[in-house]
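Chemist: Numbering (the working numbering), first residue to last: 1 to 187.
By construction, the Cβ of each residue, glycine as well, lies at the ideal position given by its N, Cα and C atoms.
I have a structure here, written as structure tokens, and I will follow up with some questions on it.
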């Protein structure tokens, strides 16, 4: 330990004055970005795992809760109309996002990165089918409406992340001046 301290005291001026090596800042930025990408990937997999656990959890707990049909105030069509008006903004936003994504083309080399998004969308669509079967059996309940709204919110989040990733990849492929063959994602 004494040799270590002695080295620092003797070479103090040299250590304080010497400039940083070339590319030091670029290396630090690259390391920072790599750590951030790793964290984002971990978050994405955590979200996918959460979705994969959420669906069976809901299926297991559903027999314990017996839904109560929505009390009809005026007529069946007016109750369903009020429910549909609550869900309409989600549906229109999902349709516009889906339409935007289906018009975008992505490089074939990057299509593997989008598979997780497509799998999440398939899981959400399956959950929507389950909700529709329950609505057919028991009718609309306030809990069911909340679950559908939450399902739509999840789908919107996944679609927005997918849009962001598509735009990043397309911008990257344009700036690198490398010609990629492009494909369309099927949602």
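Below 8 Å, how does it come out for the stretch 142-157 and the stretch 85-105: are there three or more Cβ pairs, yes or no?
Modeler: Enough Cβ pairs lie closer than 8 Å, so yes.
Chemist: Mind reading off the beta-carbon distance from residue 51 to residue 123? Whole number of angstroms is fine, and I expect it under 8 Å.
Modeler: As a first step, residue 51 must be located in the chain shown, where it is residue number 51. As a first step, residue 123 must be located in the chain shown, where it is residue number 123. About 6 Å separates the two Cβ atoms, so the contact holds.
Chemist: Going by C-alpha to C-alpha distance, which of 170, 165 and 8 sits closest to residue 37?
Modeler: Residue 37 sits at position 37 when you count from the first residue of the chain shown. Cα-wise, what sits closest to residue 37 is 165.
Chemist: Residue 110 to residue 119, Cα distance in whole Å?
Modeler: Here residue 110 refers to the residue found at position 110 when the chain shown is read from its first residue. Here residue 119 refers to the residue found at position 119 when the chain shown is read from its first residue. In a straight line, the C-alpha of residue 110 is about 16 Å away from that of residue 119.
Chemist: Residue range of the beta strand (DSSP E) that residue 106 falls in?
Modeler: The residue you call residue 106 lines up with position 106 of the chain shown. That run of the beta strand (DSSP E) goes 105-107.
Chemist: Return the Cβ separation of residue 128 and residue 151 in integer angstroms, given the expectation that the two are a contact with Cβ distance under 8 Å.
Modeler: Within the chain shown, residue 128 is the residue found at index 128, counting from 1. Within the chain shown, residue 151 is the residue found at index 151, counting from 1. Contact flag correct, Cβ pair sits at about 6 Å.
Chemist: Would you mind reading off the limits of the alpha helix (DSSP H) that contains residue 110?
Modeler: Position 110 of the chain shown, counting from 1, holds the residue named residue 110. Segment: none, residue 110 is in no alpha helix (DSSP H) and carries neither H nor E.
Chemist: Reducing DSSP to helix, strand and coil, say where residue 165 ends up.
Modeler: Here residue 165 is taken as the residue at index 165 of the chain shown, counted from 1. Here residue 165 sits in helix by DSSP.
Chemist: Identify which residue in 140, 145 and 130 has its Cα closest to the Cα of residue 56.
Modeler: Counting from one through the chain shown, the residue named residue 56 turns up at place 56. Comparing Cα-Cα distances from residue 56 to each of 140, 145 and 130, the minimum goes to 130.
Chemist: Between 115, 58 and 6, which lies nearest to residue 143 when the distance is taken from Cα to Cα?
Modeler: Along the chain shown, one-based indexing puts residue 143 at 143. Considering only alpha carbons, the answer is 58.
Chemist: Anyone know if the C-beta pair for residue 117 and residue 168 falls short of 8 Å?
Modeler: The count along the chain shown starts at 1 and reaches residue 117 at position 117. The count along the chain shown starts at 1 and reaches residue 168 at position 168. Their beta carbons are not under 8 Å apart, which means residue 117 does not touch residue 168 by this criterion.
Chemist: Please return the same chain residues whose Cβ sits closer than 8 Å to the Cβ of residue 87, not counting the five positions on each side in sequence.
Modeler: In the chain shown, the residue the question calls residue 87 occupies position 87. If we look at residue 87 and ignore the five residues flanking it on each side, its Cβ neighbours are 145, 148, 149 and 152.
Chemist: What is the residue span of the alpha helix (DSSP H) that residue 6 lies within?
Modeler: Locating residue 6 in the chain shown gives position 6, counting from the first residue. Run containing residue 6: 2-10, per the alpha helix (DSSP H) assignment.
Chemist: For a test of the three-state rule: what should DSSP assign to residue 85, helix, strand or coil?
Modeler: Mapped onto the chain shown, residue 85 falls at position 85. It is helical.
Chemist: Give the secondary structure of residue 57 by DSSP, where H, G and I count as helix, E and B as strand, and everything else as coil.
Modeler: The sequence position of residue 57 within the chain shown is 57, counting from 1. In this structure, residue 57 counts as helix in the three-state DSSP scheme.
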